[in-house]
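For the record, the sequence lines run as chains A and B. Heads up, the final residue of the first sequence is numbered 1022 in my numbering, and it's a clean run with no missing numbers. Heads up, the final residue of the second sequence is numbered 973 in my numbering, and it's a clean run with no missing numbers. Built from N, CA and C at the ideal position, the CB exists for glycine as well. All values reported here derive from a predicted model rather than from experimental measurement. Below you'll find the structure, written out as structure tokens, and then a few comments.
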Amino acid sequence: MKKLAINLSILLVILAVTDRALGGILDIIRDNAPDGRYFKARYSLNECDEDIIILGSSRGESNYAPYLIEDSLGMTCWNASRGGQGLSYFRCMEEGILNRYTPKWLILNIEADILDYAPLNEHAGFLRPFYNKHPEIRPILNEISWSEPLLMNSRLYAYNSSFYYLMRPYLIEGLDGKSIDKGWKPLLGKLNEATVAPFSIINTQLPLNEAAVRSFETFIKRIEQTDCQLFMVVSPNYGEQVKTTSTMQYLKAFSEKHNIPMFDYSADNFLTRHPEYFNDVQHLNKEGAIYFTRQLISKLKQE
Amino acid sequence: MLFNSIDFAIFLPIVFLLYWLVAKNNLKRRNVLLLVASYLFYGWWDWRFLSLIVFSSFVDFFVGHYLGKEEVPAKRKLLLWTSILINLGFLGFFKYYNFFAESLVDAFTFFGQGFQLSTLNIILPVGISFYTFQTMSYTLDIYQKKFEPTDDIIAFFAFVSFFPQLVAGPIERAAHLLPQFHEPKHFSYQLISEGLKKMLWGLFMKVAVADRLSLYVDAIYNNVDMHTGLSFVVATIFFAFQIYCDFAGYSLIAIGCAQIFGFDLMENFRRPYLSGSFKEFWGRWHISLSTWFRDYVYIPLGGSRVSTSRQYFNLFTTFVVSGLWHGANWTFIAWGAIHGLYQIIEKGVLKINTKKRAGFFRILLVFLFTCLAWIFFRAANIQDALQILSTIFTDPGSQIHIGDKGIFAFSILGIMILFTVDFMQEFYPEFKVLNHPNVVVRFACISVLILYIVGLGVFDGSQFIYFQF
Chain A
720 MKKLAINLSI LLVILAVTDR ALGGILDIIR DNAPDGRYFK ARYSLNECDE
770 DIIILGSSRG ESNYAPYLIE DSLGMTCWNA SRGGQGLSYF RCMEEGILNR
820 YTPKWLILNI EADILDYAPL NEHAGFLRPF YNKHPEIRPI LNEISWSEPL
870 LMNSRLYAYN SSFYYLMRPY LIEGLDGKSI DKGWKPLLGK LNEATVAPFS
920 IINTQLPLNE AAVRSFETFI KRIEQTDCQL FMVVSPNYGE QVKTTSTMQY
970 LKAFSEKHNI PMFDYSADNF LTRHPEYFND VQHLNKEGAI YFTRQLISKL
1020 KQE
Chain B
505 MLFNSIDFAI FLPIVFLLYW LVAKNNLKRR NVLLLVASYL FYGWWDWRFL
555 SLIVFSSFVD FFVGHYLGKE EVPAKRKLLL WTSILINLGF LGFFKYYNFF
605 AESLVDAFTF FGQGFQLSTL NIILPVGISF YTFQTMSYTL DIYQKKFEPT
655 DDIIAFFAFV SFFPQLVAGP IERAAHLLPQ FHEPKHFSYQ LISEGLKKML
705 WGLFMKVAVA DRLSLYVDAI YNNVDMHTGL SFVVATIFFA FQIYCDFAGY
755 SLIAIGCAQI FGFDLMENFR RPYLSGSFKE FWGRWHISLS TWFRDYVYIP
805 LGGSRVSTSR QYFNLFTTFV VSGLWHGANW TFIAWGAIHG LYQIIEKGVL
855 KINTKKRAGF FRILLVFLFT CLAWIFFRAA NIQDALQILS TIFTDPGSQI
905 HIGDKGIFAF SILGIMILFT VDFMQEFYPE FKVLNHPNVV VRFACISVLI
955 LYIVGLGVFD GSQFIYFQF
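What follows is the structure in structure tokens.
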């Protein structure tokens, strides 16, 4: 038993030292990334000070061109959206940003069914490399599982599965969006209409997911504690129009009650029928994003 | 409780210390501790299912007890059938009732007859197929007078519910495992160290290879209409390694875990994808189940000591039953039938000399045909499996869906590491990694493996595929 205890202790010491060392190296790689998703997350959490912040998932990332907003409104703008993310990520970004400063506006790109399903807690695990430096996001990441605070004692675990995307910006520039685009990831290429299902009208009444509603209300509550003006935007999809969903009904009622301007493009007659503006059915391409951003700017100006 | 969970990482050291420091050499105390730990381990999923395992254990303990005393053949047979019917009754009710009910309704509908049979809203108790087969083998062996019944009820209950292999095997025979509950155990650094290394390699196979591969495989197989034949080929090859790493990984953790308590469990996988024939494949894949079916289904049917056509029937039947054991779905039956046909063709048509070591080409062929059968195993239903096969052979396409490049790249890296180690163990058995004679190399290899698991393992608490069986 003694030999086992000694050898296990030696192994634990080796592991702890290597874990710290590797974690330190990975921190340096993260902090010096020239662009890419970790550059973007780091900039959003540590440095951004723009007047307008855009938050969303992949549609938020590809559909909004910050430079157009800056040119038209005379305010600086940063797109902090990230593909594959949901409410947990939005809350992390919100906490990280509001903890440092209060932007004038926050534009939240929200999906027409986001509250119909459980929030994507585990997807926000992508922000684990920032867990130690940002205590404000810890409670949100801890929602992934009860074991998260335990596992996060490992510096290497914080980078679990991230190595490919951590290293890629050093090898290929701009694959996750160029830094000059201020967080925008314009998609090139046009939708192949032949692969698209016939035009459809979305009219669903799924029960709202309680956890998602709770997460959304926490997000709103936090921003209402500041002077930041929130705008909610629902992007268009090609080949479908949203008549109604439980989420949309809830959001419309909520925005009226809380006096939050909401711009709904999910049933936009022009965009939903013009394939040349889409990269795929859910994401606008570069031309589509420019058109869409201009439309949005005109509405924002009215506000 | 899952082996790849924090719960288990806390549970195991506590039980280990209690076992070696508190229970010490007192056999009764040790068996009681193992029994309580095993029930806690199992009850962690759903304590209500404990009643099933307790009931099953009671039935087989008393049936075994009376079988040992009874000499009248008719009464012995009655006792045996009592055990079989109760055990298979549980299995049939929880695992197969809905499947048979739905299949019956479908069959009547197919022939234009209206027929109503309601299905049940029940959950399949974890590992029921494994512990049922283990406890049944005890009664069957006593009936065949191969084994004497035990009078130690605690040891028997601990044997049935022994937590390392309770939910996904290896399916142990009473003759091998039960006597170990009566033997004194001595703390051996060597054995415990080897057990921990087996657990580590098993964990690597599970969380760093199988779970990573599943991310790609699920993305392809869950969207059958959207992918090219080439993508299905890649996903199927990935699935072959996923299920191997998932199940062999679990078995290795189980074997290593038992070893640290001084128990020896049977080998369950022996580098199956290096088989040169299907006969050899089944001697290397899920060995504890294959031998179970050989001893309790194939041989009682007549085995190889009957006419050739009857032999083929026995082989085919055994594999179909084995397929059904894996799951209540026609896909598993088809998978078993395909393997039955492979065996018949190999034995009857090709007349392959399975004793001669196979070359690379034959190993590759066996692997590819195994993959073909895996399509049925993985697909959600027969229609999907046929659609996938049709897409592969008639519309392979020119593009492979890569999905997340990180997942894809690390999936391939995991397979390469695994295959290299399997290859070295098969052809250069003196080559050691985790047991390298040089202490520095040994510690370095162990550390790198742990760091690989921490850095590239998938920690989303995924279930082991074989738990559903």
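Chain-ordered chain B contacts of residue i [CB-CB under 7 Å]
i, result
"LYS722 (chain A)", "TYR693"
9 Å Cβ cut-off: residues of chain A touching residue i
i, result
"ILE510 (chain B)", "SER864, TRP865, SER866, LEU869 and LEU870"
Limits of the unbroken alpha helix (DSSP H) element including residue i
i, result
"GLN929 (chain B)", "909–931"
"ASN591 (chain B)", "577–595"
"VAL526 (chain B)", "Premise fails: VAL526 (chain B) is in no alpha helix (DSSP H) and is neither H nor E."
"ILE954 (chain B)", "943–960"
"PHE997 (chain A)", "Here PHE997 (chain A) belongs to no alpha helix (DSSP H); instead the beta strand (DSSP E) covers 997–999."
"LEU1051 (chain A)", "Since the displayed chain A opens at 720 and closes at 1022, residue 1051 (chain A) lies outside it and no answer follows."
"THR722 (chain B)", "In the sequence as presented, Thr is not what sits at residue 722 (chain B); that position holds Asp. Note, ASP722 (chain B): alpha helix (DSSP H), 715–725."
"TRP839 (chain B)", "834–848"
"PRO517 (chain B)", "510–521"
"ILE696 (chain B)", "693–707"
"ARG866 (chain B)", "864–882"
"VAL732 (chain A)", "721–750"
"PRO994 (chain A)", "Segment: none, PRO994 (chain A) is in no alpha helix (DSSP H) and carries neither H nor E."
Chain B contact residues for residue i, given Cβ-Cβ distances below 8 Å
i, result
"ASN879 (chain A)", "VAL958, GLY959, LEU960, GLY961 and PHE963"
"THR737 (chain A)", "SER951 and LEU955"
"ILE816 (chain A)", "The contacting residues do not exist; ILE816 (chain A) stays about 27 Å from chain B at best."
"ILE733 (chain A)", "PHE947 and SER951"
"LEU875 (chain A)", "LEU955, VAL958 and GLY959"
Integer-rounded CB distance, given that residue j should sit under 8 Å from residue i
i, j, result
"ILE957 (chain B)", "LEU707 (chain B)", "6 Å"
"THR1012 (chain A)", "GLY958 (chain A)", "At roughly 21 Å, the Cβ-Cβ gap does not stay under 8 Å, so THR1012 (chain A) and GLY958 (chain A) are not in contact."
"PHE663 (chain B)", "ALA679 (chain B)", "The pair is not a contact, with the Cβ atoms about 11 Å apart (cut-off 8 Å)."
"LEU894 (chain A)", "ASN998 (chain A)", "The pair is not a contact, with the Cβ atoms about 15 Å apart (cut-off 8 Å)."
"GLY803 (chain A)", "SER781 (chain A)", "Going by Cβ atoms, the distance from GLY803 (chain A) to SER781 (chain A) rounds to 12 Å, so no, they are not a contact pair."
"LEU644 (chain B)", "TYR800 (chain B)", "6 Å"
"ILE675 (chain B)", "TRP796 (chain B)", "6 Å"
Cβ neighbours of residue i in the same chain (closer than 8 Å, five flanking residues each side left out)
i, result
"TRP797 (chain A)", "TYR762, SER763, CYS767, GLU769, ILE771, ILE772, ILE773, PRO785, LYS901 and GLY902"
"ILE833 (chain A)", "GLY805, LEU806, ALA931, PHE935 and THR966"
"GLN886 (chain A)", "One point to set straight first is that residue 886 (chain A) is Met, not Gln, in the sequence displayed. Only ILE748 meet the Cβ criterion."
"ALA762 (chain B)", "PHE666, PRO668, GLN669, GLY699, ASP768 and LEU769"
"SER735 (chain B)", "ILE724, GLY901, GLN903, ILE904 and HIS905"
"PHE785 (chain B)", "PRO776, SER779, VAL870 and THR874"
"ALA841 (chain B)", "PHE820, PHE823, VAL824 and GLY827"
"THR821 (chain A)", "THR945, ASP946 and CYS947"
"PHE963 (chain B)", "ASN508 and VAL711"
Cut-off 6 Å between Cβ atoms - residues of its own chain near residue i, not counting five sequence neighbours on either side
i, result
"ASP926 (chain B)", "ARG775"
"THR923 (chain A)", "THR964"
"VAL684 (chain B)", "The question names Val, yet the displayed sequence has Gln at residue 684 (chain B). Answer for GLN684 (chain B): PHE767, listed in chain order."
"LEU827 (chain A)", "LEU774 and MET951"
"PHE619 (chain B)", "VAL609 and PHE612"
"PHE758 (chain A)", "ALA752"
"TYR802 (chain B)", "ASN818 and THR822"
"LYS689 (chain B)", "GLY766"
Under 8 Å by beta carbon: chain A residues contacting residue i
i, result
"ALA913 (chain B)", "TYR883"
Under 7 Å by beta carbon: chain A residues contacting residue i
i, result
"LYS909 (chain B)", "TYR883"
"TRP524 (chain B)", "MET720"
"ILE696 (chain B)", "LEU723"
Beta strand (DSSP E) segment containing residue i, residue limits
i, result
"PHE982 (chain A)", "981–983"
Residues near residue i by beta carbon distance below 7 Å, same chain, minus five either side
i, result
"ASP983 (chain A)", "VAL953"
"ILE764 (chain B)", "PHE520, ILE696, GLY699 and LEU700"
"GLY815 (chain A)", "SER763, LEU764, HIS853, GLU855 and ILE856"
"GLY568 (chain B)", "TYR642, THR643, ILE646 and PRO653"
"ASP564 (chain B)", "SER587, THR639, TYR642 and THR643"
"ASP511 (chain B)", "MET505 and TRP548"
"GLY908 (chain A)", "ASN998 and ASN1004"
9 Å Cβ cut-off: residues of chain B touching residue i
i, result
"LEU730 (chain A)", "PHE947, ILE950, SER951 and ILE954"
Inside the region 785–824 of chain A only - alpha helix (DSSP H) runs reaching at least 4 residues: 785–792 and 806–817
Quick one: complete alpha helix (DSSP H) runs, 4+ long, within the region 836–873 of chain A? 857–860 and 867–870
Completely contained alpha helix (DSSP H) runs for the region 784–832 of chain B, where each covers 4 or more residues: 791–797 and 812–830
Runs of beta strand (DSSP E) wholly within the region 902–948 of chain A (minimum 3 residues, chain order): 919–922
Could you name each continuous beta strand (DSSP E) segment of 3 residues or more that falls completely within the region 946–971 of chain A, going from the start of the chain to the end? 948–953 and 959–963
Which runs of the alpha helix (DSSP H) fall wholly inside the region 745–788 of chain B and span at least 4 residues, in chain order? Those alpha helix (DSSP H) runs which fall completely within the region 745–788 of chain B and span 4+ residues are 782–788.
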